[in-house]
Every structure is written in C-alpha cells, then in structure tokens.
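Numbering (this note's numbering), first residue to last: 22 to 335.
This is how it looks when you write it as structure tokens:
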C-alpha cells in the first residue's frame with residue numbers, strides 16, 4: 022500500500038460565516054483550553070499568511086489551513102505532543118472543515134471552536150460504502166475505466182488501477198488483504214470478491230486533468246490522499262500546499278464525479294444485483310481459466326523434470 026497522509030473527515034459548521042472568524046475563535050480558545058488542564062501548550066500555525074482562492078467544480082473556493090498543536094497527558098502521566106492539520110474552506114458563507122484526524126473528530130472540533138452543544142457541527146462526507154467500492158472494482162476489472170463528464174467545469178476521470186484492497190468474509194471471521202500492481206490478477210483477490218461483499222477499503226489510482234497519478238484510499242466515512250506517490254503539476258508544491266490542494270480537489274471534484282456516475286449507473290440499471298451477479302460470473306470464469314493454466318504449466322513442468330531425470334540416468 023502506498024504511503025498516505027492521515028485519514029481525513031469533512032464537517033460542516035452551521036454557525037460560523039468566514040474563515041477569519043474561525044481562526045480567531047480557535048486562537049482565542051487556545052488560552053481557555055490551556056487553562057482547563059485537559060490539554061496544554063496549545064497553539065496554532067497558520068499555513069498561509071492570507072486566505073487563498075481556487076476554482077473547483079465551477080465554484081470559487083476560499084481556503085486556509087492551520088496546524089493545531091497541543092500536548093496531552095496519558096493515564097500514566099506521560100506527555101504526548103500532537104498536531105492536526107485542519108483545512109478551512111468556504112463557499113460563500115458556508116464553512117467546512119477537512120481534518121486529518123479519524124477518531125473523535127467532531128469532539129475535537131467542538132472543543133477548539135468553543136462549542137458546547139451537539140448540533141453546531143455536522144458530518145459532511147461523500148457516500149462511500151461496500152457497494153460503491155465493488156462498483157469501482159468492477160469498472161476497472163471490466164475495462165470501463167473512463168468516467169466522462171459533460172460539465173465544462175470538470176475533466177474526464179480515469180480509473181487506472183486498484184493497488185490495494187481489504188475486506189472481511191461474510192461471517193466476519195476472516196480478513197483478506199492484497200496489495201501491489203497485480204492485485205486484480207491474484208486468485209485470492211478474485212476468490213474473495215466471489216465470496217463476499219464486505220469490503221473495508223480500496224486504494225484507487227486515478228488520472229484526472231493535470232494530475233497524472235493520484236492515489237486515494239477510500240473507506241466508509243474516511244478518505245486518505247496519497248501525496249507521497251502523487252505525479253502531476255503539483256509536484257513542486259511544498260508538502261502542506263500539495264496536501265491542501267489535492268484534498269480539496271478530491272472532496273470537491275473527484276468524489277462528486279464518482280458519486281454522480283455511481284448514482285447514474287444505479288438509476289439506469291447499469292449497476293444492480295443482476296449486473297453484480299454478471300460481474301461475479303466473469304470472475305468465476307477467469308478463476309477457472311487461471312486454474313487450468315496452472316494445471317497445464319504443472320503438467321509441462323512434470324514432463325520437463327522427467328526428461329531431465331532420464332538424461333541423467335543415461
């Protein structure tokens with residue numbers, strides 16, 4: 022599996038109206054948090070001196086990114102120094118956060134923003150479930166790799182390959198993982214797909230516009246962007262800037278393209294239980310072909326070995 026930055030989640034703020042308001046509020050709450058004794062040495066680094074702007078999916082997006090640094094004490098009274106990047110972006114007066122934190126993200130954001138109710142921040146993740154991941158695998162395996170877009174604001178998206186996948190058996194007793202350039206050619210991968218719909222995550226390599234190779238790790242309610250393996254026009258950006266731009270691109274263009282195509286395929290019955298079963302039949306036939314080739318190769322190897330033995334005996 023490629024090296025990824027931390028898993029990200031996205032959240033919508035129902036009350037804040039501007040990026041500057043958000044940053045000021047977090048700076049103010051750093052002092053309150055330090056005095057509370059829960060965390061200490063809280064401070065923020067603003068990654069961009071002024072708010073930046075980018076056009077994605079036909080919309081003007083304003084954004085900035087902060088690094089929230091703090092120290093937390095463990096139950097054993099050990100100090101743990103932690104840091105999380107938070108992308109803050111606005112579309113008009115709609116404020117959203119993308120944070121490189123998996124567990125307890127909402128609680129974390131509520132604390133640093135000084136919120137004391139439960140409804141100020143709501144989850145705003147693209148839909149990612151088992152069926153979507155299976156559909157993506159089927160598109161790549163069957164060679165239907167181009168998702169065409171009719172919008173002038175978007176480019177066609179190319180599904181290049183599956184680099185990694187992880188899943189559970191239907192009874193959740195067995196976990197299956199596969200990685201590498203030839204994941205979809207492995208008998209273990211094909212056998213798993215034949216037996217189970219329970220996919221945990223997949224690593225997907227994409228080609229999109231000026232981005233020749235972008236790897237995403239997709240799992241339910243989590244997205245990771247492979248900045249280290251990226252190849253494209255952002256190669257010379259520093260790590261933070263690349264992370265911000267590719268993450269915004271993923272959430273605001275790439276995932277909407279994938280979700281829209283998936284929904285269209287379902288609405289037009291190009292992806293349903295019948296199509297899924299047809300996909301399984303293709304896999305089953307390919308497994309049989311691979312097994313037959315293995316048998317033939319083994320027979321050929323046996324014949325060669327016998328010839329070698331006979332030659333030695335002479």
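Note that CB positions come from ideal geometry on N, CA and C, so glycine has one too. All values derive from a computational prediction rather than experimental measurement.
Name the DSSP bridge partner or partners of residue i?
{"i": "residue 224", "result": "185 and 238"}
{"i": "residue 34", "result": "116 and 142"}
{"i": "residue 167", "result": "179"}
{"i": "residue 200", "result": "185"}
{"i": "residue 105", "result": "89"}
{"i": "residue 190", "result": "According to DSSP, residue 190 bridges with nothing at all."}
{"i": "residue 247", "result": "In the DSSP output, where bridge partners are listed per residue, residue 247 has none listed."}
{"i": "residue 252", "result": "234"}
{"i": "residue 81", "result": "76"}
{"i": "residue 100", "result": "94"}
{"i": "residue 229", "result": "178 and 232"}
{"i": "residue 111", "result": "83 and 116"}
Helix, strand or coil, according to DSSP, for residue i in the structure here?
{"i": "residue 52", "result": "helix"}
{"i": "residue 259", "result": "coil"}
{"i": "residue 59", "result": "coil"}
{"i": "residue 136", "result": "coil"}
{"i": "residue 335", "result": "Residue placement at residue 335 is poorly supported in this model, since its pLDDT is 45, which falls under 50; the coordinates still yield a value, given next. It is coil, neither helix nor strand."}
{"i": "residue 41", "result": "helix"}
{"i": "residue 93", "result": "strand"}
{"i": "residue 29", "result": "strand"}
{"i": "residue 173", "result": "coil"}
{"i": "residue 275", "result": "helix"}
{"i": "residue 66", "result": "strand"}
{"i": "residue 150", "result": "coil"}
Is it right to say residue i is buried, meaning 16 or more other beta carbons lie within 10 angstroms of its own, or is it exposed?
{"i": "residue 69", "result": "exposed"}
{"i": "residue 159", "result": "buried"}
{"i": "residue 254", "result": "exposed"}
{"i": "residue 86", "result": "buried"}
{"i": "residue 317", "result": "exposed"}
{"i": "residue 218", "result": "exposed"}
{"i": "residue 53", "result": "exposed"}
{"i": "residue 84", "result": "buried"}
{"i": "residue 80", "result": "exposed"}
My guess is that residue i and residue j are in contact by the Cβ rule of under 8 angstroms, so how many angstroms apart are they, rounded?
{"i": "residue 161", "j": "residue 185", "result": "The Cβ separation is near 13 angstroms, so there is no contact."}
{"i": "residue 66", "j": "residue 90", "result": "7 angstroms"}
{"i": "residue 308", "j": "residue 163", "result": "The Cβ separation is near 15 angstroms, so there is no contact."}
{"i": "residue 93", "j": "residue 82", "result": "Incorrect: roughly 32 angstroms between the Cβ atoms, too far for contact."}
{"i": "residue 173", "j": "residue 78", "result": "Their Cβ separation, rounded to whole angstroms, is 11 angstroms, which puts residue 173 and residue 78 out of contact at 8 angstroms."}
Going by the C-beta, is residue i closer than 7 angstroms to any heavy atom of the ligand GTP?
{"i": "residue 49", "result": "The ligand GTP is not part of the structure shown, which contains no ligands of any sort."}
Exercise. Within the chosen definition, does the stretch 227-241 reach the stretch 269-289 through at least 3 CB pairs nearer than 8 angstroms?
Worked result: yes
For this session: Flag this pair as touching only if the stretch 235-251 and the stretch 205-213 have three or more C-beta atom pairs under 8 angstroms; answer yes or no.
Result: no
For this session: Inspect the CB distances between the stretch 148-159 and the stretch 65-82 and report whether three or more fall short of 8 angstroms.
Result: no
Exercise. Is the stretch 120-132 touching the stretch 182-191 in the sense that three or more CB pairs, one from each, lie closer than 8 angstroms?
Worked result: no
For this session: Specify whether the stretch 27-47 and the stretch 137-145 touch according to this definition: at least 3 beta carbon pairs, one from each stretch, less than 8 angstroms apart.
Result: yes
Problem set entry | the stretch 299-316 / the stretch 277-289 touching (three or more Cβ pairs under 8 angstroms) | no
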